[in-house]
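Below: the structure, in C-alpha cells.
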Amino acid sequence: MKRMFLSGNEAVAYGAIDAGCRFYAGYPITPSSEIMHMMAKLLPEAGGVFIQAEDELAAINMIIGASWAGLKSMAATSGPGFSLMQEGIGYAVMTETPLVIVDVMRAGPATGQATKAAQGDLMQTRWGRHGDQYLVVLAPESPQEAYDLIIEAFNISESLRTPVVFLMDEFIGHGREVVFRKEPGEIKLVERRRSSDHEPLFGSDDPRIPPPMPRLGEGYYVLVTGSTHNEYGYRDVHSFETHYKLVRRLKEKIWGNIDKVFKYEVIGDPGRAEKAIVCFGSTCRSAKEAVMGLDNVLLIRLITLWPLNYDLLRELLSNVRLVVVPELSLGQLIYDVQQVIDSGIKVVGVNKVGGGVPIYPSEIKKALEV
Amino acid sequence: MIKHEHLSLKYMRREVLPTAFCPGCYNGIVMNALFQAFEELGIYDLRKYVFVSGIGCSSWIPSPYIKADSLHTLHGRAIPVATGVKLANPELEVIVIGGDGDLASIGGNHLLHAARRNMDLVVIMINNLVYGMTRGQAAPTTPKGMVTPTTPYGNPEEPMDVARLIANTNANYVARWCVSQYLFLKNSFKKVLGEIKRGFRFIEVYAPCTTFVIRRENKTPGQKLKELMNTCIGYEKWEKLPAEERTKHIPTGVFREEDKPGFLDNYKQLIARLKR
Ligand SMILES: Cc1ncc(C[n+]2csc(CCOP(=O)(O)OP(=O)(O)O)c2C)c(N)n1
Ligand code: SF4
Ligand SMILES: [Mg+2]
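Respectively, the protein sequence lines represent chains A and B. In terms of this note's numbering, the first sequence has 1803 at position 365, counting the first letter as 1, and numbering is strictly consecutive. In terms of this note's numbering, the second sequence has 253 at position 250, counting the first letter as 1, and numbering is strictly consecutive.
Quick look at the structure:
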C-alpha cells in the first residue's frame, strides 16, 4: 500500500494501470484530460500502448479493436465525447467486447460549461444508444473510491464480457484527496475466459455465463459483427428467432448478474428511518454531511447505477414518508425513486447545475424538513 | 478425371457460399486478385491475418466470406478498429476492406489520419462510385452529373480522387487500379503483403457497381469491363491529356511507394528510449 495525494482523474489512471489496462485511446476534453495525460505517461512505461485518436469515434473503436486483440482497454471522455462514442459502445454491447469508458461529467447540453461539474449524463449512459442494449454503470464518490472501483470496473467488464461505463463528475475528477494505492499482490484481478475448442463465441446455454473470448490470431477464425448474429458469429439479418434470442441473452447477461454487480452504501437504519436520501457520486458527500446527527434519515448511495436493483431500493424505502434526491442536474435519478415508492410518499429533488456550484448540505437539510 | 478446385476456395468459408453479391458484381474480381496474391506469395493459411471492414457490399467480402479472423464493424469505423488490433498485437497482419462511402465519406477522417500516422495497415478501398448496399445513392466519388436516387437531377458536386488525396499524405504505398487491370491489381496486393510490410498501404480499386451504375447505363458487366480497358490509363499519360479528356479517363498506377518506418517502428523506438 502506498499513500498518495491524488485527484479523482489521477486515481482512475493509476487504478486502470493496476487493473491491467494496457491500451488507451482518447481525445482531449475537459474535465477528463488528466486521465489521458497520465495514461500517456504511464502506459509506455508499463509496456502498453497509448494513442491520441483523431476524435472520440476513433477512440472508442480503437479500444474495441485492442480488446479483441487481447488487451484490457480504456477510453476517458466527458459528455460531448461520450455522445460521439455511443454508437461504438452499442457495438461493444452487441459484440460482447470488454471495455471501460470513463465519463467525467460537465454541464451540458452541447458544449455547456466545460469546467463545471454536473450529473446530467446518467440517462445517456443507460439509454443513449439505439436498440435494446444493457451494460454496467458505476459511480465513485471520491478519489479513493475512483481508484478501487475502476479496478472493479475492469473486473466486471472482463467477467461479463461487457463494456462498463465509469461515471464521475468534475468535482471528483479534479478533487484531490489521500488515496491508498495497492501493491500488485493486494489486488484481485479477473481475466476474461479465454477460448475453448468447440464452445460458441457468441452464445451460451445459461445467459448469465458469457461465452469465452479468444484473442485474434489464435486460429479460431473469429467472426465478429455488430449485425445480428447466431452463436457462431454468422450474420443473420432476417430471422426473428436469432435476433430475439440474442438481445434477450445480452439483457439477461447483465440483469441476471445483478447480485454480482449491484453495489451500494447505506447509512442509517431502514427499519427506523422516516426519511431518506438517494444519491450517487459527489452529491453524496454533501448528503453525508447533511445527515450527521440525524437518526431518522436513511442515506442510500448508489455505486452501481445500472443495472439498478429496484427491488432492493423498494424494500429499503418501504417505511419512509419522504425521499430527497439531490442531483447536479434538473433531475434524472429521481425517476428511479418515483418508480419504486408508493404514490403517497413525497419525493423531493434538490437540483442545481452549472457554475461549478455544489449542492450544499444545508440545502439538503432544508429539503428534509418538509 | 481430376477435379480442379478454384484457388480462391481455400481462402473462403465454403459453408456460406454462394455470396450475396449481385450477379456480375466486380467484388469477385477483387477477391480473386487478393487470393491469387496470397497464393503466389505462398501464404495458404490466413490465421495470422485479421480482416476489418465497415458496412457496405464491399465490407461483406471478409465478413463472412474470407476464412480468417474478421471484425465487421460500424459504418466508417473499420480503420480505427484495425488500428486498435494492430497496435495491441503487432504480430498480426491487419487488412481493411471497404467501400468508397465507408472509407472516404463517413470514415474519411480516419482514413486521413491513419495515412498521416503511416499506420501499419493495408487498406483496400473498392470504389464502386455509389452506396451500393443502400441502393445506389451518390457517394463522394460519384462523377459530376450522374443520376442516382439522391441526385435525381444529376450530381451537382465534384467527386473526390481518394487515391491521389492519400498520395499527398505520409502513407508508404498508394495505388489505384481498375478491375480491368487485373494483373496490376494482383501485383499491388503482392507488393503490400509480401514486400512493403509496414506503414500505411492504400489500394483503391475502381469497380463500378454492376446493379446501380452499369445497369443504369444499359450495359452488361462484360461490356463495361471492355470499356474500362480504354477508360483506365496510366496517370503519366492522363496528366498530359487536355482538361475535357481527363474527366473521361481514370488515372491509374502507383502514386507513392516507400518503405519507411511506420507508426509501430516509431512507437517501438520511443519505448526503447524510455528503457535506456
Ligand atoms: C451510421 C450509419 N449510417 C448509415 C448507414 C446505412 N448504410 C449502410 S451501407 C451504406 C453505404 C455503403 O456504401 P459504400 O461504403 O460505398 O459500400 P458499397 O455498398 O458501395 O460497397 C450506408 C449509407 C449505416 N449502416 N450506418
Ligand atoms: S449492389 Fe453493386 S456493389 Fe453491391 S453487390 Fe450488387 S453489384 Fe455489387
Ligand atoms: Mg460504394
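Backbone N, C-alpha and C define an ideal beta-carbon position, used for all residues, glycine too. On a predicted model such as this, the values are computed, not experimentally measured, just so you know.
* Asked: Got a sec? Which residues, its chain only, sit under 8 Å from LYS193 (chain B) by beta carbon, not counting five neighbours each side?
  -> ALA40, GLU43 and LEU44
* Within 10 angstroms of its Cβ, does LYS1 (chain B) collect 16 or more other Cβ (buried), or is it exposed? -> Only positions 4 to 279 of chain B appear in this structure, which leaves residue 1 (chain B) out of reach.
* Could you name the residues of the same chain whose beta carbon sits closer than 6 Å to that of MET1561 (chain A), not counting the 5 residues immediately before and after it, in chain order? => GLN1770
* Applying a beta-carbon distance threshold of less than 9 Å, which residues of chain A neighbour THR86 (chain B)? -> Under a criterion of Cβ atoms nearer than 9 Å, the residues of chain A adjacent to THR86 (chain B) are, in order, ALA1463, ILE1489, ALA1491, ALA1496, ASN1499, MET1500, GLY1503 and ALA1504.
* To do: Have a look at ARG259 (chain B) and ALA178 (chain B) and give me their C-alpha separation to the nearest angstrom.
  => 7 Å
* Could you say which of A:PRO1764, A:GLY1503, A:LYS1440 and A:LYS1803 lies nearest to VAL1616 (chain A) if we only look at CA atoms? => A:LYS1440
* Length at least 3, wholly inside the region 199 to 273 of chain B: the beta strand (DSSP E) runs in chain order -> 203 to 209, 235 to 237 and 253 to 260
* To do: Could you check what DSSP says for PHE1443 (chain A) in three-state terms: helix, strand or coil?
  => Of the three classes helix, strand and coil, the one that applies to PHE1443 (chain A) here is strand, per DSSP.
* Taking C-alpha atoms, which residue in A:ASP1559, A:GLU1525 and A:HIS1612 lies nearest to VAL1450 (chain A)? -> A:HIS1612
* Which class does PRO1601 (chain A) belong to by DSSP, given the choice of helix, strand or coil? -> strand
* To do: Give the interface partners of ASN112 (chain B) over in chain A, defined as CB-CB distance under 9 Å, in chain order.
  => GLU1492, ASP1493, LEU1495 and ALA1496
* Asked: Are the Cβ atoms of ALA1463 (chain A) and ALA1484 (chain A) separated by less than 8 Å?
  -> no
* Proximity test, Cβ basis, 8 Å: GLU1483 (chain A) and chain B -> Yes - at least one Cβ of chain B is within 8 Å of the one on GLU1483 (chain A).
* Asked: Under 9 Å Cβ-Cβ, which residues of chain A neighbour LYS271 (chain B)?
  -> Going along chain A, no residue has its Cβ under 9 Å from LYS271 (chain B), so there is no contact; the nearest lies around 10 Å.
* **Expected contact under 8 Å - CB spacing of GLY1517 (chain A) and ASP1493 (chain A) to nearest Å** => Contact flag wrong, Cβ pair sits at about 15 Å.
* To do: Measure the C-alpha to C-alpha separation of ILE127 (chain B) and LEU115 (chain B) and round it to an integer number of angstroms.
  => Here the C-alpha atom of ILE127 (chain B) lies approximately 14 Å from the C-alpha atom of LEU115 (chain B).
* Asked: When you check each C-beta in the region 194 to 221 of chain B against every C-beta of chain C, which residues fall closer than 8 Å?
  -> Given the protein chain composition of this structure (A and B), no chain C is represented.
* Grab me the residues of GLY1709 (chain A)'s own chain with a C-beta within less than 8 Å of its C-beta, minus the 5 sequence neighbours each way, in chain order. => Counting only Cβ-Cβ distances below 8 Å, and skipping sequence neighbours, we find ASN1757.
* What's the gap between the Cα of LYS243 (chain B) and the Cα of GLY265 (chain B)? -> 33 Å
* Asked: When a residue counts only if its C-beta is closer than 5 Å to some heavy atom of ligand 1, which residues count, in chain order?
  -> B:ILE58, B:GLY59, B:CYS60, B:SER61, B:HIS78, B:GLY102, B:ASP103, B:GLY104, B:ASP105, B:ASN131, B:TYR134, B:GLY135, B:MET136 and B:THR137
* **Three-state class that DSSP yields for SER1756 (chain A) in the structure shown** => coil
* Check whether the Cβ atoms of PHE203 (chain B) and MET122 (chain B) lie closer than 8 Å to each other. => yes
* Going by DSSP, which residues form a beta bridge with CYS1459 (chain A)? -> A:LYS1510
* Asked: Is the beta carbon of VAL1574 (chain A) less than 8 Å from the beta carbon of VAL1699 (chain A)?
  -> yes
* Asked: What residue range is occupied by the uninterrupted beta strand (DSSP E) comprising GLY73 (chain B)?
  -> Position check: residue 73 (chain B) holds Ser in this sequence, whereas Gly was assumed. Its beta strand (DSSP E) spans residues 72 to 75.
* To do: Sort B:ALA81, B:LEU168, B:ILE32 and B:LYS51 by Cα distance to ILE109 (chain B) and report the nearest one.
  => Closest by alpha carbon: B:ALA81.
* To do: Figure out for me which residue from A:LYS1726, A:LEU1768, A:SER1511 and A:LEU1743 has the closest Cα to the Cα of MET1606 (chain A).
  => Of all alpha-carbon atoms in A:LYS1726, A:LEU1768, A:SER1511 and A:LEU1743, the one lying nearest the alpha-carbon of MET1606 (chain A) is that of A:LEU1743.
* As assigned by DSSP and simplified to three states, the class of SER183 (chain B) -> coil
* To do: Could you run through the region 1516 to 1549 of chain A and flag, in chain order, every residue whose CB is less than 9 Å away from some CB of chain B?
  => GLU1525, GLY1526, GLY1528, TYR1529 and THR1533
* **Contacts of LEU1509 (chain A) in chain B (Cβ-Cβ under 7 Å)** => ALA91
* On the three-state DSSP scale, how would you describe LYS1698 (chain A)? -> Helix at LYS1698 (chain A).
* ASN81 (chain B) CB to nearest heavy atom of ligand 3 below 7 Å -> Checking the sequence shown, residue 81 (chain B) turns out to be Ala, not Asn. Not under cutoff, so the answer is no.
* Three-state secondary structure (DSSP) of TYR1465 (chain A) -> Coil at TYR1465 (chain A), not helix or strand.
* Give a single yes or no on whether ASN221 (chain B) has its beta carbon closer than 7 Å to a heavy atom of ligand 2. => no
* To do: Please state if the CB of VAL1538 (chain A) and the CB of VAL1602 (chain A) are separated by a distance shorter than 8 Å.
  => yes
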